[in-house]
Structure formats: structure tokens, C-alpha cells
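**Student:**
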Amino acid sequence: MRLLETPIGKTVRIVEYKGGKGVGHKLRQLGLTPGKEVSVLRQAPMGGPMMIDIEGRSIALGRGIAARVQVEIDY
Amino acid sequence: MRIGLIGQPNCGKSTLFNQVAGYKAETGNFVGTTVTYTESKVRLLGDVVDVVDLPGTYTLAGSNPAEKEVIKYLTSKDVDVVVNVLDASHLTHGLSLTIELLELEVPLVIALNMMDEADRLGIRIDVNQLEEILGAPVIPMIASKGRGIQPLFVKAYQIGQSNRIPEQPQYSEAIEGILTVLTPKLENIQSHLRGRALAIKLLEGDKDIVDDVVAQAPEIESDLKSLQKVSKHQSGRSAEWVIDEERSNKAHSIVNRVLQQGKRRISLRDRLDDILLHPFWGYVLLIAILYLFFQLVYSLGGLIEAPLMDLFNSFEAWITGIFGGSQSLLVQVFIGLIQGISGGIAIVLPYLAPFLIGLGVLEDVGYLPRVAFLMDSLMHKLGLHGKSIVPFILGFGCNVPAIMATRILEDKRERYISAALSTMVPCAARLAVVFGLVAYYLGPVVALGIYLFNLFVIALTAMLLSKLVPETSPGLILEMPVYRIPTLRTVSNKAWWRIREFVVEAWPLLIVGSIVLAIFNYLNIAIYLNGLVRPLSWALGLPNEVGVPLIFGVLRKELSLVMLGQALGSMEFSQVLSPIQMITYSVFVVFYMPCMATMVVIRKELGRRAMWHIAGLTTLIATLAALFTRGIAELIF
Chain A
9 MRLLETPIGK TVRIVEYKGG KGVGHKLRQL GLTPGKEVSV LRQAPMGGPM MIDIEGRSIA
69 LGRGIAARVQ VEIDY
Chain B
11 MRIGLIGQPN CGKSTLFNQV AGYKAETGNF VGTTVTYTES KVRLLGDVVD VVDLPGTYTL
71 AGSNPAEKEV IKYLTSKDVD VVVNVLDASH LTHGLSLTIE LLELEVPLVI ALNMMDEADR
131 LGIRIDVNQL EEILGAPVIP MIASKGRGIQ PLFVKAYQIG QSNRIPEQPQ YSEAIEGILT
191 VLTPKLENIQ SHLRGRALAI KLLEGDKDIV DDVVAQAPEI ESDLKSLQKV SKHQSGRSAE
251 WVIDEERSNK AHSIVNRVLQ QGKRRISLRD RLDDILLHPF WGYVLLIAIL YLFFQLVYSL
311 GGLIEAPLMD LFNSFEAWIT GIFGGSQSLL VQVFIGLIQG ISGGIAIVLP YLAPFLIGLG
371 VLEDVGYLPR VAFLMDSLMH KLGLHGKSIV PFILGFGCNV PAIMATRILE DKRERYISAA
431 LSTMVPCAAR LAVVFGLVAY YLGPVVALGI YLFNLFVIAL TAMLLSKLVP ETSPGLILEM
491 PVYRIPTLRT VSNKAWWRIR EFVVEAWPLL IVGSIVLAIF NYLNIAIYLN GLVRPLSWAL
551 GLPNEVGVPL IFGVLRKELS LVMLGQALGS MEFSQVLSPI QMITYSVFVV FYMPCMATMV
611 VIRKELGRRA MWHIAGLTTL IATLAALFTR GIAELIF
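As they're listed, the protein sequences go chains A and B.
Taking the working numbering, the leading residue of the first sequence gets 9, the next gets one more, and so forth.
Taking the working numbering, the leading residue of the second sequence gets 11, the next gets one more, and so forth.
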């Protein structure tokens, strides 16, 4: 599943990032690395970015980027 | 002694710096880059030490210019002790940077900031144990309330003097095995990093460092490649990810040992995003907040501007009176000088100062990233990112702070486009022209029409520019800081430094330009100036005399209205200009070439080339927009 399709309020685990190295670096800087748990907080209207929570921090991610983050549902 | 402050964005590092920095603090650039730092002298234990506020970085991976410069600076001889500011309420993420700092073998002190915030979230941290694990002193503190600052700097001073270096973190056997092979090979390499730290960076594949080392010892390249392969073979992932994960795991295990999570108190702040980022109310509040912001800045600016202008005008009249209305060169130059000085004091500063204070408040509260979040989708349709909206909004007051605000954009392309677009936003001075000419003679609806047309042209230009200058960053990745109440000191210091930059760098040029124009005036070359602009004024169907006010308008935009009256010989514009001419002239004035103060700031922020590009581009757009307007207006009137 992609992070983009994760419903609001759901907690998922990051599996991998598919895409350019530059963005990969940026995600890593913010601690969005494989194995981390994130939950989707909200979604801006009209195709805007989504806001996620990781370790108590809020991060806004554009949909283009969220579409490239593979996640799995945490049980 | 020099103390370097380092920490991740939003850790409160700048608040800490502002608590100790004096008004003389200097902002500088690292040689050859746009990465800035701020430095201040601080009295400490009878000595004077330098405290340097380095740009906030999440890691030291060297993946952007700021990280590269920070790591070079930290390991240079210039810094005697590093103070790592950690946000106690988000300890895990912060510690990954601390672990990277430990690798560098520099004297280190940890400032455990935001203890109040951690307390609110029910977080208890065993400071002694953290200190023991890290091998570096940990000082709990609350920078925003000024607590713990004295002990922190005293400790930093002691550590700097004793040059105590904490032990390096140990990683898994696999990584350690590789490092043991690699490190001895680097003995003769000249670098700002020491053996083991250098080996880690090489293994991570930091391009600059690898290139540097390979240039010195070409044989290392193949060794490095095979070691990276070994690592990849062992773990299935490239070495940089493995090391990153090890740091992250280490941070986790430290947190597990020192942190106890109690009950968190839910307060209004946790619910604030539900309101401010609401799909509907979020936008309503955005408009309300910006409206209020403008009202405050604009009315405050107007309150200061009017009496100051009066003062300068009567001073100018007095000077002219003394010389008995003489038109000698000296008098003209003197008046030019006064106009240049008054242009800075009476027109730019009254708006710039409240603007920068207001901007500082919005910044420190943490609202600006929320604006970016709300506006991202709209800005995307124009080929830009949400963050670009900020300089844009500021442009309505004055273009100078708008250009300064493009600093929040990391990408050079975004900065250039946002700067170009924000110069097209009609500032308060151009508002005066639109109101004085169009709204006054033709009614507010026509003036509103000009504003809407302006927005349309800006949007069109944005789309064109973003097509012409290729996109480099794929989307928004932005941390939303926790809402905070800004401290007076941080806000006023920041505003003061930015104002000082304007006064020192832009103002002198404004004065020189003003004197040059005065000399032009003396030489009575108005006729030549009008001739120079004649092709344009002819094409736009405007009288010959608009040349001079348009040229002088570059100095100060309101001059294009004031001097229009002088040039046409009447302030009763309806008798000397047709409605079509008024509209066409106003549209041209709204778009053409930014004023001199703005140009100077563009040159400083983005370089000389960008300044001329933007000047040319806006003049071209102004001509096209005015031609279009003339055509439409002739159909209507």
C-alpha cells in the first residue's frame, strides 16, 4: 500500500521509498525511514499535501512524495 | 574562545542564541555560499567569548550546502566547543544528530532544551543517565524562559578550556569490522575530519569527501568500493542506510533507557491545528489572520510615515528657501541627498519595521509552515510550492521584506521565481498610484479590476516561469513545528538585524541613486529622458511627458504619481489625461521595474544577474499588460 492511500487516523509502518536520492535524503533527515511507524493526521483539500505524525512530530508531505512511500498496516 | 551552537530546526537554538546575543550580533555567509550564520560576543566568567548560531540541520550527511558548511565549521580549529541543542520533547530524532556529532570527536555539551514542553507531554528524562551514556555534560534548560542558560554556558566554557572529547559511539560488528580496515588507510589524508569520522563519511558515500580523498590517494577508491560491497552483501542495503539505521537504533535504545513516558496533558495547542488547518475554517482564518496582519502593519506604517514625510518635505522647502529658490547644482544635489535619506527613513522603514516584527511573530509562533500547508495545492497549480506564498503575501506591503523572505525557500529556482513574482505584487506605494489616479477619478470598481488583473498576470507569469525554469524538487516535505509563544527578545533581535541589513546595504545606494537623478534634473535632460521613453509612451498612447515620472518612479514608486503632476503641469489629472490613459499608466506602473530599494535587495539576495533579469522581465510584462489594457479600455470607454 502507498502512504498516499492511508486513511486518516490509521497507523502504518514505512517499508521503503521508491524514487530519487534527493528526496530519499530529505525523508531520512526528517526520520522517515523504513521500519518507522507513522500515522496520518489530516489531508489538505483539493489535492493538497497530507500531514503525518512520526514520533510525536508533525510533517507535511506533498501527494507526489506520499505516493512513492510504500507502507504496511501495523497490527 | 568560540562556542558553536548546533541543533535541528525548531529545537529552540535561535531562541537560546537570542537570549545571550547582543544587538551587535553579526550575520555572515560562509565563504562562497548563501549559507548564513549569526555570531555575537558574549561576556562569560570575566572573559569575552564568541557564540555562533549555525543553521539548523537535521543530519550532518552533507546532502545540502548548510550541512556541508556546518560540518566543516564544527571540525575546524575555529570552534573550541560545540553546544548541541536538543528538544527534550522530541528526543529520539534529535539524538540521531547528537550521535553524528559524537563521531566527529569535538568537545561537546548537550543543552536539553524545552524541558517545560517535555513536562507538559508527560516526559521524564533521567539527565544523569543520559550524561553517562553520551559521555558529555547534559544541561536541562528552557531557553524561552531564560532558564538554565548561565549553567549551560559556564559548562561549555569549562569543556572548551579542558578540550574534553567524548567517546565515539560504537556500531554493530559488521560496520566496526569495515571501519577497522578502512581507518588505518586514511592516516596520511589531509581533511577536516579525523580518521574514524572520515572513514564513516566515506562509507556513507559523501560525494565531496570521497572526491577529496580519492584525489589525494587514488588507491583508496577501489578499497572503498569493495568495502561498500561487503556491507551491501551483509545487510542487503547500501552502507549509508545501514549506518543511518544504526544511529537511529542507538538513539532509540538511549531513549528507552533514560525516558519515562507519563500522562500527557492535552491542551488547546494540540487542538489548534484542527481549527487552523481545517479544510474550510482553516482558509477563512488564514484570510482573517493575513487581513489583520496587513491592517496592523499598514496602519502603523501610515501613522509613522505621514509625520515623517511632512518633516522631510518642510525641511526640503526650508533648504530651498534658504538658497532663495536657486537651482544651482549644489542645491539640487543637496535636495537629492535629502530625498534619498527620506526615502529610506520615511517610506521604507515605517513599513519595513512593523513588517519584520510581524513576520518574526508569525514565524516564531509556527504559523508560516501552516500557511504553506494550506496553500500548497493552489501554488502547485502555478508550478510552485506552498512555501512560496509567504514572500508573495508580504509583497503587498513592501517588496523589500518580500525578497528577504524568499530565504525560507531552499531551492534556488523557487527563490528566483518567487522573487520575480513578488516584485509584481503591488506594494503600498503602488497602491497609492492606483488609488490616487484610478480609484479617485474612475471609481473603486476600476481599481479593484486592476488588482484582479494584477493577480491574473502574476498567476500567468508563474505558470510560464515554472515551465521555463525546470522543476527540481518533487514536492513539499516540511516539518510543522509545535505552536509556541514567541519571546520578545527573539522577535525584536531578528527584526533589528534585518533592518540593519537594509540600512547598511540598500540605503546608501538609494541615496546615491537619488543624487544621480538630481544631477540629471539639474542638467535639464528631462527632454532627452522623455525622448528615451517615447517609443513606449507612444505605443501606450500616453503623453510624451510621462518619461520623467516613470524613470524617477524607479527610485520611489510614489514619485510616478507625484512627478506625473509636475510633468503634466496639473494635479487635476482628469483635465490632462483621458480615462484610458489613466488606466494604462496605472497598469504599467503596477508592473514595471521594481523600485531601487527592491533591486538592491534582489542583488544582495540573488545576485546581479537575477536583478537585471527581473528588471527586464517586469518591464516587458508591464508593456504587454499595459498594451492589453489599452486595447480593452478603448473598447469599453
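From the three backbone atoms N, C-alpha and C, an ideal C-beta is built for every residue, glycine too.
All figures in this text were calculated on a predicted structure; none of them were measured in a lab.
(1) With a floor of 3 residues, list each beta strand (DSSP E) that falls wholly inside the stretch 138–210 of chain B, ordered by position along the chain.
(2) With H, G and I counted as helix, E and B as strand and the rest as coil, what does DSSP make of residue 12 of chain A?
(3) What separation, rounded to the nearest whole angstrom, lies between the Cα atoms of residue 36 of chain A and residue 544 of chain B?
(4) Can you give the Cα-Cα distance for residue 197 of chain B and residue 18 of chain B, rounded to whole angstroms?
(5) Compute the distance between the beta-carbons of residue 63 of chain A and residue 21 of chain A, then report whether it is under 8 Å.
(6) Please confirm whether residue 119 of chain B and residue 91 of chain B have their CB atoms less than 8 Å apart.
(7) Would you kindly report the start and end of the unbroken beta strand (DSSP E) that includes residue 74 of chain B?
(8) What is the rounded straight-line gap between the Cα of residue 319 of chain B and the Cα of residue 36 of chain B?
(9) Sort out for me which residues DSSP pairs residue 60 of chain B with in a bridge.
(10) At a Cβ threshold of 8 Å, is residue 65 of chain A touching chain B?
(11) To the nearest angstrom, how far is the alpha carbon of residue 540 of chain B from that of residue 558 of chain B?
(12) Which residue or residues does DSSP assign as beta-bridge partners of residue 93 of chain B?
(13) Assign residue 51 of chain A to one of three DSSP states: helix, strand, or coil.
(14) Helix or strand or just coil, what does DSSP make of residue 76 of chain A?
(15) Taking residue 78 of chain A as the query, report the chain B residues whose CB atoms sit under 9 Å from its CB, ordered along the chain.
(16) Pick out the complete beta strand (DSSP E) segments inside the stretch 532–601 of chain B, 3 residues or longer, and give them in chain order.
(17) Counting only runs of 4+ residues fully inside the stretch 264–305 of chain B, write out the alpha helix (DSSP H) ranges in chain order.
(18) Report the partner residues of residue 258 of chain B according to the DSSP bridge assignment.
(19) Hey, could you find the ends of the beta strand (DSSP E) residue 127 of chain B is sitting in?
(20) Under 8 Å by Cβ, that's how I've got residue 147 of chain B and residue 169 of chain B pegged, so tell me the actual separation to the nearest angstrom.
(21) Which value, in whole angstroms, describes the spacing of the CA atoms of residue 459 of chain B and residue 491 of chain B?
(22) Please report how far the alpha carbon of residue 463 of chain B lies from the alpha carbon of residue 107 of chain B, in whole angstroms.
(23) State buried or exposed for residue 517 of chain B, treating a residue as buried only when at least 16 other CB atoms are found within 10 Å of its CB.
(24) Going by C-alpha to C-alpha distance, which of B:135, B:109, B:160 sits closest to residue 145 of chain B?
(25) Is the stretch 412–424 of chain B close to the stretch 389–397 of chain B, with three or more CB pairs under 8 Å?
(26) Nearest-angstrom Cα distance between residue 531 of chain B and residue 579 of chain B?
(27) Spatial neighbours of residue 67 of chain B within its chain, please: CB distance less than 6 Å, with the 5 preceding and 5 following residues excluded, ordered by chain position.
(28) In three-state terms, what does DSSP make of residue 83 of chain B?
(29) Helix, strand or coil for residue 59 of chain A per DSSP?
(30) Strictly under 8 Å for the Cβ-Cβ distance: is residue 179 of chain B near chain A by that measure?
(31) Can you name the start and end residues of the alpha helix (DSSP H) that residue 420 of chain B belongs to?
(32) Kindly say whether residue 12 of chain A, judged by its beta-carbon, lies nearer than 8 Å to any beta-carbon of chain B.
(33) Please go through the same chain and pick out, in chain order, the residues whose beta-carbon is closer than 7 Å to the beta-carbon of residue 191 of chain B, but skip the five residues on each side of it.
(34) Would you tell me roughly how many angstroms separate the C-alpha atoms of residue 403 of chain B and residue 282 of chain B, rounded to the nearest one?
(35) Decide if the stretch 492–504 of chain B is in contact with the stretch 23–30 of chain B; the criterion is three or more beta carbon pairs, one per stretch, under 8 Å apart.
(36) For residue 480 of chain B, count the other beta carbons within 10 Å of its own beta carbon; 16 or more makes it buried, fewer makes it exposed. Which is it?
**Tutor:** The structure says:
(1) The stretch 138–210 of chain B contains these whole beta strand (DSSP E) runs: 148–150.
(2) helix
(3) 58 Å
(4) Straight-line spacing of the CA atoms in residue 197 of chain B and residue 18 of chain B works out to 32 Å.
(5) no
(6) yes
(7) From DSSP, residue 74 of chain B is part of no beta strand (DSSP E); its letter is neither H nor E.
(8) 31 Å
(9) Answer is B:12, B:51.
(10) yes
(11) 6 Å
(12) B:15, B:119
(13) strand
(14) coil
(15) Near residue 78 of chain A there are no residues of chain B at all, since even the closest Cβ is about 15 Å away, more than 9 Å.
(16) none
(17) 278–286
(18) In the DSSP output, where bridge partners are listed per residue, residue 258 of chain B has none listed.
(19) Residue 127 of chain B -> not in any beta strand (DSSP E); alpha helix (DSSP H) instead, spanning 125–130.
(20) 7 Å
(21) 38 Å
(22) 49 Å
(23) buried
(24) B:109
(25) yes
(26) 16 Å
(27) 76, 77, 80
(28) helix
(29) strand
(30) With respect to chain A, the C-beta atom of residue 179 of chain B has no partner C-beta closer than 8 Å.
(31) No alpha helix (DSSP H) holds residue 420 of chain B; DSSP gives it neither H nor E.
(32) no
(33) In chain order, 237 place their CB closer than 7 Å to the CB of residue 191 of chain B, counting only its own chain and leaving out the 5 sequence neighbours on each side.
(34) 23 Å
(35) Touching, per the Cβ criterion.
(36) exposed
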